[in-house]
Ligand SMILES: Nc1ncnc2c1ncn2[C@@H]1O[C@H](COP(=O)(O)OP(=O)(O)OP(=O)(O)O)[C@@H](O)[C@H]1O
Ligand SMILES: [Mg+2]
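Numbering (the working numbering), first residue to last: 2 to 353.
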């Protein structure tokens, strides 16, 4: 089922929009992540889809049907939460079958369906256990199976993995993707973890300041961030941000063309600072001092000083002696120019 927001706003306090004029479409069968920092409006958006909240303005459509005023029950939604919310006194199979009991399915049919779903989420060997006897990952599998019991049109997951340790999170992230692809159910997944969002989604919607900052395919967020916020939020390493004016005497202006003069700040990803000039870098380099050089397993990190600004760099290269004078080069791919509003000027058509 397709989900569409048309000019949707929500204000908990009159006059102050928590979400402002959201317009987007989530296509049938897609997995979309709502990503953003705490308080960005992710859960609020999810609750508007589930019907637990009604927008202050605008309309919400499921396919062609206007569901703006439809009750949560009529929307045929499955929901999974961070804390699983399972029934502790019930067995795995009875937890999964619970929504079917409420819907008056007969016992045999609902246990058959529970067994089928348990197989889908890989807990078929745990059916008779109490949910208290399961690990966190297994409990979350049961919660997903229960959300799917009534064959919902849409599956909503609000930070479903945040109670799990790092390794289990990665495993369950891939599992959710597998289950979603097997069922082809339109799925909306909330997380504040950019790496999780990047790994699992068809598209990612970044929410911040009551607005959609960007809604794109994961790699587009990384390669072509719409603005400074997205550029800093996406990526495993820090984005270095500093005043463009620091580059005025470096020759980089010649490399960057007409956007250069409009730029107020520049951003460069740590992984795109290198020590050798190539086709992938700009012609002109920056004279820096190496302040620090470390290695953590496969990755090495370096800290440079350029006109008093510290630049983080990371890569697969060997470590160097500190206090050395070095020339660094920026790879074009991870270098961005931002205007006074923070918008990425590199996204504008170039006229050079
Ligand atoms: N019922 C409510 N009444 C008043 N304000 C609310 C209510 N629910 C959420 N808010 C406010 O709306 C904003 C968005 O909240 P929301 O829960 O959607 O954020 P979130 O992106 O899910 O954050 P988190 O990552 O912390 O879960 C916050 O400033 C929050 O304080
Ligand atoms: Mg939330």
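Where is the CB? At the ideal position from N, CA and C, for every residue including glycine.
Rounded Cβ spacing between residue 241 and residue 268 (contact assumed at less than 8 Å): The residue labelled residue 241 in the question sits at position 240 within the chain shown. The residue labelled residue 268 in the question sits at position 267 within the chain shown. In this structure, residue 241 and residue 268 form a Cβ contact; the two beta carbons are roughly 7 Å apart against a cut-off of 8 Å.
beta-carbon residue 16 near ligand 1 non-hydrogen atom, thresh 8 Å: By 1-based counting over the chain shown, the position of residue 16 is 15. Residue 16: no, Cβ never under 8 Å from ligand 1.
Pairwise C-alpha distance: residue 339 and residue 350: Taking the chain shown and counting its residues from 1, one reaches residue 350 at position 349. Taking the chain shown and counting its residues from 1, one reaches residue 339 at position 338. Model confidence at residue 350 stands at a pLDDT of 48, short of 50, so the residue's coordinates are unreliable and nothing is read from them.
Buried versus exposed call for residue 310 [16 or more other C-beta atoms within 10 Å across all chains shown]: Taking the first residue of the chain shown as position 1, residue 310 is located at position 309. The C-beta of residue 310 has fewer than 16 other C-beta atoms within 10 Å across all chains shown, which makes the residue exposed.
Simplified DSSP assignment, three categories, for residue 103: Looking up residue 103 in the chain shown gives position 102. In the structure shown, the three-state DSSP call for residue 103 is helix.
Unbroken stretches of the alpha helix (DSSP H), 4 residues or longer, contained in the stretch 180-261: 195-201, 219-224, 229-234, 253-257
Span separating the alpha-carbon of residue 389 from that of residue 141: Outside the shown range of the chain (2 to 353) lies residue 389, about which nothing can therefore be said.
Beta-ladder partner(s) of residue 345, from DSSP: By one-based count along the chain shown, residue 345 stands at place 344. In DSSP, residue 345 forms a bridge with 339.
Residue 138, DSSP secondary structure in three states: As a working mapping, residue 138 is identified with position 137 in the chain shown. Three-state result, residue 138: helix.
Contact belief for residue 87 with residue 144 at Cβ below 8 Å, rounded distance in angstroms: The sequence position of residue 87 within the chain shown is 86, counting from 1. The sequence position of residue 144 within the chain shown is 143, counting from 1. Their Cβ separation, rounded to whole angstroms, is 6 Å, which keeps residue 87 and residue 144 in contact under 8 Å.
Through-space distance from residue 99 to residue 154, alpha-carbon basis: Within the chain shown, numbered from 1, the residue matching residue 154 stands at position 153. Within the chain shown, numbered from 1, the residue matching residue 99 stands at position 98. Cα to Cα, residue 154 sits roughly 18 Å from residue 99.
Beta-carbon proximity list for residue 353, same chain, < 7 Å, skipping 5 on both sides: The sequence position of residue 353 within the chain shown is 352, counting from 1. Because the pLDDT at residue 353 is just 42, under 50, the model does not fix this residue reliably, and the value given afterwards should be weighed accordingly. Closer than 7 Å at Cβ, skipping near neighbours: 258, 259.
For residue 51 and residue 128, believed in contact at Cβ under 8 Å, the rounded distance: Position 127 of the chain shown, counted from the first residue, corresponds to residue 128. Position 50 of the chain shown, counted from the first residue, corresponds to residue 51. No, residue 128 and residue 51 are not in contact; Cβ-Cβ is about 28 Å, not under 8 Å.
Supposed close pair residue 323, residue 293 - CB separation, criterion 8 Å: For this step, residue 323 is matched to residue 322 along the chain shown. For this step, residue 293 is matched to residue 292 along the chain shown. Confirmed, about 6 Å.
Cα-Cα separation, residue 63 to residue 56: The residue given as residue 63 occupies position 62 in the chain shown. The residue given as residue 56 occupies position 55 in the chain shown. Residue 63 and residue 56: Cα-Cα distance of roughly 15 Å.
Cut-off 7 Å between Cβ atoms - residues of its own chain near residue 96, not counting five sequence neighbours on either side: Counted from its first residue, the chain shown places residue 96 at position 95. Once the five neighbours on either side are set aside, the close Cβ partners of residue 96 are 87, 88, 132, 143, 147.
Span of the beta strand (DSSP E) around residue 76: Numbered from its first residue, the chain shown carries residue 76 at position 75. Unbroken run through residue 76: none, as it is neither H nor E.
Neighbour-count burial assignment, residue 219, 16 or more Cβ in a 10 Å radius: Locating residue 219 in the chain shown gives position 218, counting from the first residue. Buried.
Span of the beta strand (DSSP E) around residue 266: One-based indexing of the chain shown puts residue 266 at position 265. Here the beta strand (DSSP E) through residue 266 covers 266-270.
Chain-order list of residues whose beta-carbon lies under 8 Å from that of residue 368 (same chain, five-residue window excluded): Absent from the structure is residue 368, since the part of the chain shown begins at 2 and ends at 353.
Spatially closest choice to residue 301 from 271, 79, 330, by CA coordinates: Along the chain shown, read from residue 1 onward, the residue named residue 301 stands at position 300. Looking at the Cα atoms, 271 is the closest of the given residues.
Whether residue 187 touches residue 30 by CB criterion (9 Å): For the purposes of this step, residue 187 is identified with residue 186 of the chain shown, where counting begins at 1. For the purposes of this step, residue 30 is identified with residue 29 of the chain shown, where counting begins at 1. Yes, Cβ-Cβ distance for residue 187 and residue 30 is below 9 Å.
Integer Cβ distance of residue 41 from residue 200, believed to fall under 8 Å: Reading the chain shown from its first residue, position 40 is the one you call residue 41. Reading the chain shown from its first residue, position 199 is the one you call residue 200. With a Cβ gap of about 20 Å, residue 41 and residue 200 do not count as contacting.
Residue 160 CB to nearest heavy atom of ligand 2 below 8 Å: Residue numbering aside, residue 160 sits at position 159 when the chain shown is read from its first letter. For ligand 2, at least one heavy atom lies less than 8 Å from the Cβ of residue 160.
Contact under 9 Å by Cβ, residue 190 with residue 93: Locating residue 190 in the chain shown gives position 189, where the first residue counts as 1. Locating residue 93 in the chain shown gives position 92, where the first residue counts as 1. No, they are not a contact pair.
Check whether residue 160 and residue 83 have beta carbons under 9 Å apart: Against the chain shown, residue 160 aligns to sequence position 159. Against the chain shown, residue 83 aligns to sequence position 82. Their beta carbons are under 9 Å apart, which means residue 160 touches residue 83 by this criterion.
Three-way DSSP call (helix, strand, coil) for residue 159 in this model: The sequence position of residue 159 within the chain shown is 158, counting from 1. In the structure shown, residue 159 sits in a strand (DSSP, three-state: E or B).
C-alpha gap between residue 4 and residue 308, whole angstroms: Mapped onto the chain shown, residue 4 falls at position 3. Mapped onto the chain shown, residue 308 falls at position 307. Approximately 50 Å between the Cα atoms of the pair.
Member of 233, 237, 215 whose CA lies at the smallest distance from the CA of residue 25: By 1-based counting over the chain shown, the position of residue 25 is 24. Measuring from the Cα of residue 25, the nearest candidate turns out to be 215.
Buried versus exposed call for residue 110 [16 or more other C-beta atoms within 10 Å across all chains shown]: What you label residue 110 is simply residue 109 of the chain shown in a count that begins at 1. When all chains shown are included, residue 110 counts as exposed.
Cβ neighbours of residue 69 in the same chain (closer than 6 Å, five flanking residues each side left out): Here residue 69 refers to the residue found at position 68 of the chain shown. So the list reads 60, 61, once near-sequence residues are dropped.
Check: residue 44 C-beta below 8 Å from any heavy atom of ligand 2: Position 43 of the chain shown, counting from 1, holds the residue named residue 44. In this structure, the C-beta of residue 44 approaches ligand 2 to less than 8 Å from one of its heavy atoms.
Within 9 Å, strictly: CB atoms of residue 276 and residue 184: Indexing the chain shown from 1 puts residue 276 at position 275. Indexing the chain shown from 1 puts residue 184 at position 183. In this structure, residue 184 does not lie closer than 9 Å to residue 276 by Cβ.
Identity of the residues DSSP links to residue 334 by a beta bridge: Your numbering for residue 334 matches position 333 in the chain shown. According to DSSP, which records beta bridges pairwise, residue 334 is partnered with nothing at all.
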